[in-house]
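Worksheet: one structure, shown below.
In the UniProt record's numbering, the protein residues as written are 1 to 146.
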């Protein structure tokens with residue numbers, strides 16, 4: 001039995017590729033007799049012709065690798081590609097740094113460690129890139145107030 005035509009029609013009706021058309025081996029005689037598209041539609045409704053599930057790419061390995069990387073594995077020198085700045089851009093680094101400094105500055109102002117005038121001066125200094133990190137800011141404040 002050559003069911004090529006029936007398979008082609010079924011794939012067209014179900015809007016899938018020919019490889020995804022499944023014909024029930026027990027119903028092959030019925031399918032062979034089907035010559036019109038309407039016959040094929042009836043066989044699809046009857047379950048003699050079905051569409052196979054789409055094959056996808058398994059995410060199992062990818063999930064495992066992601067979990068390992070979250071723990072800090074698989075990130076050594078041999079796994080890296082691109083420059084240092086390709087992994088975390090200069091802008092991202094700056095954003096992280098300035099947000100931490102500004103947050104600490106706000107805390108210092110609320111705790112009364114610096115006045116509003118000092119806060120504004122330190123804020124402007126941090127915007128200009130004067131401080132390396134929050135510790136540098138704290139040391140600067142401690143030394144300036146002495």
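Using N, Cα and C, we set each Cβ at its ideal position, and we do this for glycine too.
DSSP, reduced to helix, strand and coil, places residue 88 outside both helices and strands of the structure shown, so it counts as coil.
By the CB criterion at 8 Å, residue 35 and residue 43 fall outside the cutoff.
The Cβ neighbour count for residue 137, taken over all protein chains shown within 10 Å, is at least 16; the residue is labelled buried.
If the five residues before and after residue 28 are omitted, its C-beta is found closer than 8 Å to the C-beta atoms of 1, 3, all from its own chain and listed in chain order. For a cut-off of 8 Å, the C-beta gap from residue 31 to residue 23 is around 5 Å, short enough to register as a contact.
For the pair residue 88 and residue 79, the Cα-to-Cα distance works out to about 15 Å.
Fully contained in the stretch 20–65 are the following alpha helix (DSSP H) runs of length 4 or more, in chain order: 28–33, 37–46. In the DSSP assignment, residue 6 falls within the alpha helix (DSSP H) that extends over 4–14. Residue environment: residue 10 is assigned as buried (16 or more neighbouring CB atoms within 10 Å of its CB, all protein chains considered).
Judged by DSSP in its simplified three-state form, residue 71 adopts coil rather than helix or strand.
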